[in-house]
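Okay, structure first, notes after.
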C-alpha cells in the first residue's frame, strides 16, 4: 500500500474533529473568542440541541474587514506571534483553529464591526470561504452556525439525542456564567433559560446555576498563586462530581488531580462516596501552567503537580477550619425550577434520556436583591513573584470557633443505643457515640508508634491481585513501619494492639492508600481504620465513667467529625424550639 498526501479538504475535516466533536464544543470556542474580545455581554441561541442552529453574539471589540478575511483561515490568531508565547498564555484562545474548524464542518456566517465603521460579513460552507461583504452591524461579532457536520455524515450520525446535546450545551454555558463577570443570555428553541447581568457577583451566579446552597468562601494565597471561590457546607454531599467545577486562570478545565485535592481538603467533612459542590479558581503565573496539552484546552499541566495539589487542599481545609455543629432546621428547602426549564424537561422526557433539570435553574428572582460581592481578578503585574518552594501554612493556625463546653452539660441518656443526649444552657446536644469515640481515638493514635509487631497464631490469607502485589513490593518498608509482617500471600504479624479487630481489612485499606501518596497519607488511613474498628459500637454497653470521658474528650477536639466524614454533634437550640412552639 503506497503512502499518499491527504487532500487539503480532508485534512481540514480531520483537524476540525479534534476541536469540534459536539455542538457544545462549538459554543465553547465561540464564547472564548468573545471573552478574548473583551465582550461585556454575550448571547447564545441554539435550536434542536445545536444540531440545526447555533448563534453566539457579543458586544466585544469586533474585527476589521481585513482581519475578518484572515480570521476564518486555519492557524490564524492575534494571541501569539512566536513559539515562546505558548508558555505565556493570557487568553482563552491562541491556536487560531476555532473559526476554520467550525467552518470546515458546517455552514457558517460571521458578521462583525468595530467602533465607527460599517460592518463586514463572510460565509464559510464546508471549508469553502466566500467573499467579504458589507453589512449593517453594531460593534461586536455575531457567529451563526447551521447544519453542523452536514458534510461529515458519519460524525453527525454519532451525535447524541437532542436532549443530551442540550444538556451538554447547558452545562458548558453554566461554566461560562460562573467563570467571568460577563453578562450572559442563553436561549434554547426561543425559550430563555438564563439571563445573568454582568454585575452579578459569583456567589449569586452559583445560586442562579445550582439553586440556593449555603456557601463557604474560599480565599487563600500562596506566594503568587491564589485559590478562591465557594464550596458547600460540610456534610452536604452529592453522589457524583458534577458540581466540582475548576477554573485555572479563568479557563474551565477538567482535572482529576484538583478534584481529588478538593475532596482531600474536605476529608473528614464528607462521607465516603459523597462529593462536594465546589466552584474553585486557581490563579497563577501563566509560566507555571501549560494549557497546550489538549485539543479543546480542557486539560492543563502544572510545572509542579503535587505543589498545586497541596495548595488547593490547604485552601479548602482553611475554609472548613471552624468546628461544625449541626442545628435543627426549621424548614426544608426545595430548589425552585423555572417554568422555562420545566417546559424543556417535559419536551424531552419522552426520549428517556438523563434529565438535566436538576442541574439547571433559571434566574432566581431572590438573588436580584442580594448584595453583590466584589470579585477581584488576579493580575500578574501586582502579584508576588512566585516559585514552587513557597512555604505553605496549614489550617491548624486557624483559631477554632468558641462553643459551649459539652463537659459542662448534663448527660440525660443514651438514645436508640447510639446517641448521647446532653442538656446545655442554650441547647440540647445529640452526640453520635461511635463517631465521637472514633475521632477521639484517631487523635490519640496520632501520637502513638505502632512499629512493634505481634505474631498471629493463625496467618491471614490476603488474596492480593497483581496491582496490590506491586504496591506491596514498592511500599514494603512503610507497611512494616506500621507493624505489619507478611510472608508471600499471608499476613503473619500485626501492630501491637489490645482490641481484637479485622486486621485483613485494615491492612488492605492501608495498602490501597499508597496508590496516590501525595493525595492521601497512608498513615492517616491506617489510623482512621483502626480507630473505627476500636471505637464503641451502637448498642454496646458503656459505663457512666466511659460515657462522661467521651463527652469530656470532645471539648479538646479541633475537628468535629469522624475520620470518615460523619458529623459528631447535632444541636437543637432552645430559642428555636421556643419559636417553633410559639413560646
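In my numbering, the protein residues as written are 100 to 682.
No residue lacks a Cβ here, since even glycine has one placed at the ideal position from N, Cα and C.
Host beta strand (DSSP E) of residue i (start-end)
i, result
"residue 331", "324–331"
"residue 241", "239–245"
"residue 294", "290–295"
"residue 202", "Looking at the DSSP string, residue 202 is not in any beta strand (DSSP E); the run it does join, the alpha helix (DSSP H), is 197–203."
"residue 625", "Unbroken run through residue 625 is the alpha helix (DSSP H), 621–633; no beta strand (DSSP E)."
"residue 369", "No beta strand (DSSP E) contains residue 369, which DSSP labels as neither H nor E."
"residue 404", "Counting along the chain, residue 404 falls outside any beta strand (DSSP E), though it belongs to the alpha helix (DSSP H) covering 404–418."
"residue 301", "Looking at the DSSP string, residue 301 is not in any beta strand (DSSP E); the run it does join, the alpha helix (DSSP H), is 301–309."
"residue 520", "518–522"
"residue 584", "584–586"
"residue 604", "That residue, residue 604, is in no beta strand (DSSP E); its alpha helix (DSSP H) goes 602–611."
"residue 320", "314–321"
"residue 593", "589–594"
Contact under 9 Å by Cβ, residue i with residue j
i, j, result
"residue 600", "residue 555", "no"
"residue 637", "residue 533", "yes"
"residue 155", "residue 133", "yes"
"residue 324", "residue 244", "no"
"residue 173", "residue 258", "no"
"residue 408", "residue 388", "no"
"residue 651", "residue 505", "yes"
"residue 146", "residue 241", "no"
"residue 225", "residue 197", "no"
"residue 342", "residue 354", "no"
"residue 124", "residue 287", "no"
"residue 312", "residue 376", "yes"
"residue 567", "residue 626", "no"
"residue 305", "residue 329", "yes"
"residue 561", "residue 597", "no"
"residue 231", "residue 129", "no"
"residue 218", "residue 237", "yes"
"residue 668", "residue 653", "yes"
"residue 264", "residue 149", "yes"
"residue 56", "residue 399", "This structure leaves residue 56 out entirely; the chain is present only between 100 and 682."
"residue 666", "residue 542", "no"
"residue 200", "residue 251", "no"
Assumed close pair residue i, residue j - CB separation to whole angstroms, cut-off 8 Å
i, j, result
"residue 139", "residue 297", "5 Å"
"residue 291", "residue 337", "Not quite, the Cβ-Cβ distance comes to about 27 Å (not below 8 Å), so this is no contact."
"residue 159", "residue 212", "Not quite, the Cβ-Cβ distance comes to about 11 Å (not below 8 Å), so this is no contact."
"residue 417", "residue 284", "36 Å between Cβ atoms; not a contact."
"residue 126", "residue 268", "6 Å"
"residue 578", "residue 609", "7 Å"
"residue 364", "residue 315", "With a Cβ gap of about 11 Å, residue 364 and residue 315 do not count as contacting."
"residue 326", "residue 228", "In fact, because the Cβ distance is near 44 Å, the residues do not count as touching under 8 Å."
"residue 661", "residue 517", "Going by Cβ atoms, the distance from residue 661 to residue 517 rounds to 13 Å, so no, they are not a contact pair."
Residue i: first and last residue of the uninterrupted alpha helix (DSSP H) it sits in
i, result
"residue 154", "Element bounds for residue 154: not the alpha helix (DSSP H) but the beta strand (DSSP E), 152–157."
"residue 567", "565–573"
"residue 510", "Run containing residue 510: none in the alpha helix (DSSP H); it sits in the beta strand (DSSP E), 509–514."
"residue 236", "Where residue 236 is concerned, there is no enclosing alpha helix (DSSP H), given that its DSSP letter is neither H nor E."
"residue 166", "164–170"
"residue 682", "From DSSP, residue 682 is part of no alpha helix (DSSP H); its letter is neither H nor E."
"residue 256", "252–256"
Paired residues, beta bridge with residue i - DSSP
i, result
"residue 132", "According to DSSP, residue 132 bridges with nothing at all."
"residue 378", "329, 344"
"residue 210", "220, 241"
"residue 282", "140"
"residue 533", "Per DSSP, none; premise fails for residue 533."
"residue 270", "None, per the DSSP bridge assignment."
"residue 541", "None; residue 541 has no bridge partner."
"residue 553", "593"
"residue 527", "522, 671"
"residue 287", "145, 290"
"residue 401", "388"
heavy atom of the ligand ADP below 8 Å from residue i C-beta
i, result
"residue 563", "This structure lacks the ligand ADP; in fact it carries no ligand of any kind."
I'd like the ranges of any beta strand (DSSP E) spanning at least 3 consecutive residues and lying wholly in the region 337–366.
343–347, 350–352
3-residue-minimum beta strand (DSSP E) runs that sit fully inside the region 628–679, ordered along the chain:
668–672
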